[in-house]
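Protein chains in written order, with our numbering: chain A, 1 to 258; chain B, 259 to 578.
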């Protein structure tokens, strides 16, 4: 029961807005850990604090026991944290193959090589083809990423993140806008990942969440509401209130009287 | 014929035509062709930043000037061997690009453009004021004819200098093409497309941009060194804003991101300025302005973009 990721009272404030406030959380090695909550709960901000694209304004982030709170994003990525983006964030003028190769050559320590073409590194290219096939994009590796449909971009997004060989994979709404068939394929892919890869997942599609996750954390208004098994979360009245609209709005409007 | 065969045949024909030129055209035309090749290298340097890495620059004239003055000083007081001038100019320019680039690559977009513009203006002022080194606005003259490699005779004829320039140009052109296709080049293109994602997959992007900046600087410096071999004269104007603006214009006309497009753009700019300008009583800047407007409206992706659009299907088939 070692924790891959530990958040200790992590906060991120934008001025007076507390996007993430005093969140304490442990993510077990090998777990499939979902983070859910209504819009504006701070889920994506929390992921940004873990991946390093945002710095925490308070608290500590520990990855595999090491304090990475102030470590810049590229170094966290090299240490083994990969993240997919809520809005697909790809290299649109490059081919699908090059998108995946960019991540692979960095992991392989070859991104400073100068003379041989990137696409002539046969071993990496071969693995890149496998990665693309894994996410269902194996049929046209030389297409330009900009020509992909929304669903296909989501798939490539996952392929690029996986190509860094992460030990902690953060998936930010991977199934958003996917068709039912694409969502099923994605679920299968995540389930097929080895236990050496810990997965954290933000997802609004609760079917996907309850199918994949062994642990669920609920955030509400930037605060940690509860963490537990899917069954426990489903049964919680607190969570239902957060999702289905609060009878009590004092949390939203602290100054107002009910 | 398949597309690759057509391409290879065209390439061979072009190199043969370039090699035969001194036998076919007059001396002024040959000097102009040398200038085009030199300017093509400078345009490639601008393109490496603007087109490949996505950092629009108006400062490459500074590094062109550093290379030119280095070659001028080396040739008058150290050695007239061209390859030594070329390598020294490249090395010194890269060394100058390191601290100046360190400042510039912290910015992106228009801010980067403004910082590079300032670097160019500083270089121009230095060329004017630092008279002990540059001889100020009088310019640096009395540069001996270039000896390409140790043991060779000095090249007195413009046609022979042209061959030296052509040889260096071809070598550098191939090296730049290799660089752009290499893993490092792919990383630079990644920064252009999506820097945030590059950081997320582990690239310290500022360091990569700085390395690209130094390579582009060295390339501009070597172009400057060749320029001195052709002109045997250098003055502050050669490190000035006009050179930087024309190089950027060549890249835009040629097609941002394409290296051969940048060279064709350089040819169009130099021919317009040095030949066509003469027919309209020295109104070359006006012609260049019209050319720029026409290029932006008619060829939004430059000359290289026309080719990219037309046989796109054939090339896709050839690759598949």
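Backbone N, C-alpha and C fix where the C-beta goes; we use that ideal spot for every residue, glycine too.
- Beyond the five residues adjoining it in sequence on each side, residue 564 of chain B comes within less than 7 Å, by CB distance, of 557 in the same chain, given in chain order.
- At least one beta carbon of chain A lies nearer than 7 Å to the beta carbon of residue 442 of chain B.
- Here DSSP, grouped into helix, strand and coil, assigns residue 365 of chain B to coil.
- Residues of the region 451–474 of chain B with a C-beta atom less than 7 Å from some C-beta of chain A are 451, 452, 454, 455, 457, 458, 459, 460, 461, 462, listed in chain order.
- At the C-beta level, residue 216 of chain A and residue 195 of chain A stay beyond 7 Å of one another.
- Neighbours of residue 73 of chain A in chain B, taken as residues at a C-beta separation under 7 Å, are given in chain order as 457, 458.
- When rounded, the separation of the alpha-carbon atoms in residue 112 of chain A and residue 233 of chain A is 47 Å.
- As the crow flies, the alpha-carbon of residue 482 of chain B is around 9 Å from that of residue 492 of chain B.
- In summary, no residue of the region 497–517 of chain B has a CB separated from any CB of chain A by less than 8 Å.
- By the Cβ test, the region 264–276 of chain B is not in contact with the region 429–442 of chain B, since fewer than three Cβ pairs between them sit closer than 8 Å.
- Across the region 144–173 of chain A, CB contacts with chain B closer than 7 Å involve 160, 164, in sequence order along the chain.
- The closest CA to that of residue 319 of chain B, considering only B:262, B:374, B:350, B:555, is found on B:374.
- Across the region 260–275 of chain B, no CB contact with chain A closer than 7 Å is found for any residue.
- When beta bridges are read from the DSSP output, residue 223 of chain A appears opposite A:220.
- Secondary structure note for residue 431 of chain B: it is in no beta strand (DSSP E), and the uninterrupted alpha helix (DSSP H) holding it is 416–439.
- Chain B places a beta carbon closer than 7 Å to that of residue 106 of chain A, counting this residue as a contact.
- Here residue 80 of chain A carries a coil assignment [DSSP, helix/strand/coil].
- Taking 7 Å as the cut-off, the beta carbon of residue 132 of chain A is found no closer than this to the beta carbon of residue 47 of chain A.
- With contact defined as three or more Cβ pairs closer than 8 Å, the region 326–334 of chain B and the region 452–472 of chain B are not in contact.
- Per the coordinates, the alpha-carbon of residue 82 of chain A lies some 52 Å from the alpha-carbon of residue 531 of chain B.
- Residue 510 of chain B carries a helical assignment under DSSP once its states are collapsed to helix, strand and coil.
- Under the three-pair Cβ rule at 8 Å, the region 113–123 of chain A does not count as touching the region 146–157 of chain A.
- A straight line joining the alpha-carbon of residue 109 of chain A with that of residue 508 of chain B spans about 36 Å.
- By DSSP's assignment, residue 33 of chain A forms a beta bridge with A:200, A:215.
- At a cut-off of 7 Å between beta-carbon atoms, residue 439 of chain B makes contact with chain A.
- Residue-level contact check: residue 448 of chain B touches chain A, since one or more beta carbons of chain A fall below 7 Å from its beta carbon.
- Using a Cβ-Cβ cut-off of 9 Å, residue 445 of chain B is close to 102, 105, 106, 111, 112, 118 of chain A, given in chain order.
- At least one C-beta of chain B is nearer than 7 Å to the C-beta of residue 115 of chain A.
- When C-beta distances to chain A are compared with 9 Å, every residue of the region 358–385 of chain B stays at or above that value.
- Contact annotation, residue 359 of chain B with residue 461 of chain B: C-beta distance approximately 17 Å; criterion of less than 8 Å not satisfied.
- A straight line joining the alpha-carbon of residue 432 of chain B with that of residue 302 of chain B spans about 11 Å.
- Look at the beta carbons and you see the region 345–357 of chain B not touching the region 502–520 of chain B: under three pairs across the two are nearer than 8 Å.
- Here residue 63 of chain A is bridged, per DSSP, to A:5, A:66.
- In chain order, 86, 172, 202 place their CB closer than 7 Å to the CB of residue 44 of chain A, counting only its own chain and leaving out the 5 sequence neighbours on each side.
- Taken through DSSP and simplified to helix, strand or coil, residue 538 of chain B comes out as coil.
- The region 88–105 of chain A and the region 153–161 of chain A touch, with three or more beta-carbon pairs separated by less than 8 Å.
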